[in-house]
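Heads up: the structure comes next, in structure tokens.
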Amino acid sequence: MKQTDKAFRNDAIAKVTGIAKYTDDYTLPGMLHAVPLHAPVASATVISIDYAAALALSGVVAVYTAEDIPGNILFGQIIKDYPTLVNKRIRSTGDVIALVVAESRATALEALPLIKVVLEEIPGIFDPEEALKPETPILHPDHGSNVCNYHCVRTGDVNEGEKDADLIIEQQFNTSRIEHAYLEPESALCNLRPDGVMEVLGSMQHPFSTRRFVASTLGLMLKDVEVKTIPMGGGFGGKDDTAALVCARAALCAYLTKKPVKITYSREMSMRESYKRHPYKLDYRMGVSQKGKIQFVQVRMVADGGAYCSVTPWVTWRSTVQCCGCYEVPNVHCDVYGVYTNNVFSGAFRGFGSPQVNFSIEQLMEIAAEKLGISESEFRRLNMVHQNSITITGQKLDQHTVSLGEVMDAVLKEIDYETKRKQCDFGNLTKDEWYGIGYAISYRGMSLGAEGTDFNSAIINIQPDGSVLLETGVHENGQGSESAMILTAATELGIAKELIRYRYPSTSNIPDGGTTVASRGTIMGSGATVNAANIIKQRLCEGVQTALGLQNCSYNDGAVYDETGEMAASYFEAVHMCYNKQIYPYAFGVFQAPRVSWDEETGHGNAYFTWVYGCQAVELKVNAKTGQITLLNLVAAHDVGKAVNPAMLAGQFYGGMTMGAGYGLYEDVPLKNGNPKITNYHNYRILRSTDLPDMTAIFVENRDPLSPSGAKGIGEPTLELMAPAIANALYRATGKRFTNMPLAPQVAELCKGTKQ
Amino acid sequence: MNITINGKIYPVTEALLERNLAAFLREDLMLTGTKIGCDIGVCGSCTVLVNDKAMRSCKLKLQDVLDKTIVTIEGLTPPGGTLHPIQQAFVDCGAIQCGFCTPGMVLSTYALLKENPLPTRQQVRSALKGNLCRCTGYQQIIDAVISAAETMRLSGNED
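Sequence order for the protein chains is A and B. If you count the first sequence from 1, you need to add 509 to reach the working numbering. If you count the second sequence from 1, you need to add 54 to reach the working numbering.
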């Protein structure tokens, strides 16, 4: 995409000059440092903890264990099963047994091995299928089952569908456990203020969620904890539970020592403890008619949730709702299990349950098309959702533009798919290099859907000089949400964006707007901003009417007009009149997502209030001797509703495609007895600049009538398609289907075999 | 024994010879624009210029850089509220998201353009291979480097 306008970010100058302060960049007078002692094994009972020797080390201030927690030891967003510090039972190698607090980080680290922990090991459960067996011991006796959660869809009758099916395909897919690998490891700095408020600075995605973790751990009320937002070095869904726990532990140390305490994780600690993307096993059975219509889909998914619940029920819910991809299917039988094991736990990760499904269904579609002798594009078009389609959960798509065909056409045209698909090599043994092209399509329910309460607020506070303080309940994760809010407010009010300052938000200033997840930042935050702007416009009109004795004034593009359409006051004059007439140009705007519904018994309902549509394609080549894969071209089109900040939008496209490509090709977190074998970037491969070609981002804009700003979301849709697109391209390059992730090692294996 | 950091000369005592450069910059000089992402020299977040070469400060000790000239992101920024052309290009091209890799990226770019004032996109990719970014997919960073090279060529400014 050609950028004609310069990019806008309110934090760009601070970040490019290095003065932006991230959590670990702050130092407070008298500050202490804490480090965690992680569990050496994944499953054990703690017999004793002896930390006398650690405490005796010069510079060590304290060692804390679960016994020192004044509030709740256990916390969690859905099920409160995560011990902030180990409470007798170890369930994961990410568990923290104790915290050492010292005058320096080096001293704290030196003291760690001096803590003597006596354990009684318990055989761990590392295979989710094993965990599901009735004879397997239950990991969380309070929960009563190793099934953390279960969701289903029951639509039509699969047996009936089977009668009309001319072809039935059965295929298993397995997806990888992967690491977020945000560049900034977890960090928290907590300080008990003289007014009794625990102040928290942290590298975390969700200030309000963090506040709940901290308050629960300390036994405080929400008013007594203030979480402030500062720049964060990447999250991608990964700075939710673990990051909040790090904050809660730093707060615990600060609360007990009465000194500011910082905890900054090393990369090794971060990779050991932080949750990963859920690995899934998906068993699909799909029936199609000779004419190319899908008759039924039967699917069983097992997601390894690891040792704790985290947001597994929500992640797997999205997989359930979207289990058939973006297709109309009359008969669906879907069972999805989130399972407890002793593995490192799984949680939120950009994409949130859809990348696993798309990896599978977008290959399944092509397998079916080939067997039917129909082109993969024709087969998709025959079955994909269109305007007024009914989704598999019974939702009618009639409230927004269903643009699946539009995004698909845009990508296939841009990449010249029809011409190039004929040039694919399918593992031609006479060639040294195999060319392949592939693509994938998806729809995605926007925002939280029926998984949570979905509302957000914005405050617009115009100052006497006409400058504006803006804040919303959306968190800046690095994606540019603050800039998007500023641009939205500037457009709505018809004023220069330079007049608007986004306040560094704090949980004590604005109501809980939920978490900045699910690609909901722009749609929810901008929605609230538009609604606040509409209130502000009324205030400005009131000020002008009172000052000038007018009626029925209206605000348009930076000025107030009287009922004849004559300009009565400029924006600045209107602000001045408001203050003169004691009318505050201040507004609190709320956006509440339209109602959604869900029936757990049948898996039916209007799951999401709106949907987005996307298509991504890739060209690649495979070295037939070495199996080395080179990406040649990546193209994406997504319907974003409205492009609020084009350069940042493009950045979401490129970043998501890259992460999706890495997910498909290389990324994987193998475990040993539940513990990640990866420790740092040298043994966890994320894509580097040399791994990528130039990419093309196509914006499709069908304004969404249910979004006040017209905009939808883009963060996650961009990540959920590249892995299946690559798998499809690898099929056309090598002639072999790869149904398990990661793809690159299998291609290398294949080529090794071919060579012999 | 001295080190020059951002134009200022710092004497290095015997006791400091073993001190890690990244920690010295961040903790002793409060130059926190240098970030620690991996602490083993593979992510590039801690990149600084040592005699105009991009190096990983987390892998260096003060004794490795005695009598050398070090520039951190703070030192690259001109005084008076302006930006270096490379910094300006990063801002204008949308090359910044979370910003954690940005200082290292900017300094690696500086070292590249010093060696090769008009690189191709592929040469830029190779030069930035050691700097990880998890947000941007690198594309707008490459755009920024190409744009900065052009600006610097037009102004004859290689600094």
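Ideal placement from N, C-alpha and C gives every residue a C-beta, glycine not left out. Predicted model only: the values in this text are computed from it and were never measured.
Cβ pair residue i, residue j closer than 8 angstroms
i        : j        : result
D520(A)  : P740(A)  : yes
A1037(A) : N965(A)  : yes
S828(A)  : Q865(A)  : yes
D1021(A) : G982(A)  : yes
V824(A)  : L541(A)  : no
Y1308(A) : I624(A)  : Outside the displayed span of chain A (510 to 1265) sits residue 1308(A), for which this structure offers no information.
L566(A)  : T616(A)  : yes
C838(A)  : Y659(A)  : Here residue 838(A) is Val; the residue named in the question, Cys, does not match the sequence. Not a contact, by the Cβ cut-off of 8 angstroms.
E942(A)  : A1133(A) : yes
V119(B)  : L103(B)  : no
V1069(A) : A1078(A) : yes
V609(A)  : A548(A)  : no
N60(B)   : E169(B)  : no
I150(B)  : V1053(A) : no
CB contact check: residue i to chain B, cutoff 8 angstroms
i        : result
K511(A)  : Model confidence at K511(A) stands at a pLDDT of 41, short of 50, so the residue's coordinates are unreliable and nothing is read from them.
K1186(A) : no
N1189(A) : yes
I631(A)  : no
D1203(A) : yes
R1197(A) : yes
I528(A)  : yes
M1166(A) : yes
N519(A)  : no
S696(A)  : no
M741(A)  : yes
Beta-bridge pairing of residue i - partner residues as DSSP gives them
i        : result
C843(A)  : V662(A) and V808(A)
N74(B)   : K115(B)
M795(A)  : I678(A) and V806(A)
I57(B)   : Y64(B)
D1108(A) : H1113(A)
L608(A)  : P545(A) and Y573(A)
Coarse secondary structure for residue i, derived from DSSP in three states
i        : result
W823(A)  : helix
N1139(A) : Checking the sequence, you will find Thr at residue 1139(A) rather than Asn. Strand.
R188(B)  : coil
Q1101(A) : strand
C92(B)   : coil
D146(B)  : helix
F1208(A) : strand
E1229(A) : coil
H1085(A) : helix
C1313(A) : Nothing can be reported for residue 1313(A): it is not among the residues displayed for chain A, which extend from 510 to 1265.
K511(A)  : Note that K511(A) scores 41 on pLDDT, short of 50, meaning its location in the model is unreliable and no value can be drawn from it.
L85(B)   : coil
G815(A)  : strand
T163(B)  : helix
L1180(A) : strand
N986(A)  : coil
V706(A)  : coil
Min CB distance residue i to chain A below 8 angstroms
i       : result
T101(B) : no
V104(B) : no
E212(B) : With a pLDDT of 49 at E212(B), under the threshold of 50, the modelled position of that residue is not reliable, and the figure given next carries that caveat. No, no contact with chain A.
F144(B) : yes
L116(B) : no
K183(B) : yes
Segment limits, beta strand (DSSP E) that includes residue i
i        : result
C1124(A) : W1120 to N1132
H542(A)  : L541 to H547
C699(A)  : S696 to L701
M780(A)  : Note, M780(A): premise wrong, no beta strand (DSSP E); alpha helix (DSSP H) at R776 to E782.
K931(A)  : Careful: K931(A) lies outside any beta strand (DSSP E) and carries neither H nor E.
L566(A)  : Element bounds for L566(A): n/a, residue is neither H nor E.
A108(B)  : K107 to R110
Heavy atom of the ligand MG within 7 angstroms of residue i beta-carbon
i       : result
W826(A) : The model depicted lacks the ligand MG and carries no ligand whatsoever.
Delimiting residues of the alpha helix (DSSP H) encompassing residue i
i       : result
K748(A) : No alpha helix (DSSP H) holds K748(A); DSSP gives it neither H nor E.
T962(A) : Here T962(A) belongs to no alpha helix (DSSP H), and DSSP marks it neither H nor E.
S886(A) : E885 to N892
Chain E within 8 angstroms of residue i, Cβ atoms only
i       : result
S209(B) : No chain E appears in the structure shown, which is made up of the protein chains A and B.
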